[in-house]
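In terms of this note's numbering, the sequence shown opens at residue 330 and continues consecutively. Each residue gets a CB set at the ideal place from its N, CA and C atoms; glycine is no exception. Nothing here was measured: the structure is a model prediction, and the numbers come from that model.
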Amino acid sequence: MSERKHVLSVLVENKPGVLCRVAGLISRRGFNIESLSVGPTEDPTMSRMTAVVQADDVAFEQITKQLHKLISVYKISDLTNDAAIERQLVLFKVSAAPERRSEIIEIANIFRAKIVDVGKNSLTIEATGDDEKIKGLEDLFRAYGIKEIVRTGKIALSRNAKE
């Protein structure tokens, strides 16, 4: 059985130490968390964690069984095969000589990205989207020289069709 990326949405208590316990449980089993995002939900006593983990299906099932045993975990959803909306935020700092700025701005506009800072020799661009969009932007900006990239972890919600 081959490994693949699994997208896990975990509803947990919004208390200190919960993130550490969940991440520790996954990492102690030898799995790398490729992406992790956490924040409060509509209920301030709860947080939603979205984790992307590379594992085969059997190992992933073991991870979810162990997570269910944690007192602070209320609900676990595997969004890997579900119709889900997935997004991440990324900031690109791109080398931008004044004579090439218009090209970079045009690329940003095509991808509905925003210029959030202008430096003497760089532009900082903010973009949100799925993996494909972010990868496409990154590939295009590499031709100009990317000075820095920072991205959030993936966030995901199941589509309304499940309601």
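Could you tell me the distance, in whole angstroms, from the CA atom of residue i to the CA atom of residue j?
{"i": "R430", "j": "A384", "result": "42 Å"}
{"i": "M375", "j": "T457", "result": "25 Å"}
{"i": "V479", "j": "K398", "result": "34 Å"}
{"i": "R444", "j": "V419", "result": "In the sequence as presented, Arg is not what sits at residue 444; that position holds Ile. Approximately 12 Å, taken between the alpha carbons."}
{"i": "K404", "j": "Q417", "result": "22 Å"}
{"i": "R357", "j": "C349", "result": "12 Å"}
{"i": "T453", "j": "A412", "result": "32 Å"}
{"i": "T379", "j": "K462", "result": "19 Å"}
{"i": "L550", "j": "A388", "result": "No answer is possible for residue 550: it lies beyond the span of the chain, which begins at 330 and ends at 492."}
Going by C-alpha distance, which of the options is nearest residue i?
{"i": "L365", "options": "I436, R357, R377, E435", "result": "R377"}
{"i": "K334", "options": "L418, I362, L486", "result": "I362"}
{"i": "K500", "options": "I433, L469, P427, D459", "result": "There is no way to answer for residue 500, as the model of the chain reaches only from 330 to 492."}
{"i": "L469", "options": "I439, D446, R488", "result": "I439"}
{"i": "A425", "options": "V351, G359, K476, V402", "result": "K476"}
Report the partner residues of residue i according to the DSSP bridge assignment.
{"i": "V423", "result": "L452, I475"}
{"i": "Q383", "result": "K334"}
{"i": "Q417", "result": "G458"}
{"i": "K404", "result": "L340"}
{"i": "V367", "result": "M378"}
Tell me whether residue i is buried or exposed, calling it buried when 16 or more other Cβ atoms sit within 10 Å of its Cβ.
{"i": "A442", "result": "buried"}
{"i": "S406", "result": "buried"}
{"i": "K464", "result": "exposed"}
{"i": "I400", "result": "exposed"}
{"i": "S331", "result": "exposed"}
Let me check you understand the geometry: is the CB of residue i closer than 7 Å to at least one non-hydrogen atom of the ligand ZN?
{"i": "I414", "result": "Ligands in the displayed structure: none, and consequently the ligand ZN is not present."}
Query raised in the report: Using 8 Å as the Cβ pair cut-off and three pairs as the minimum, do the stretch 333-347 and the stretch 358-375 touch?
Result: Touching, per the Cβ criterion.
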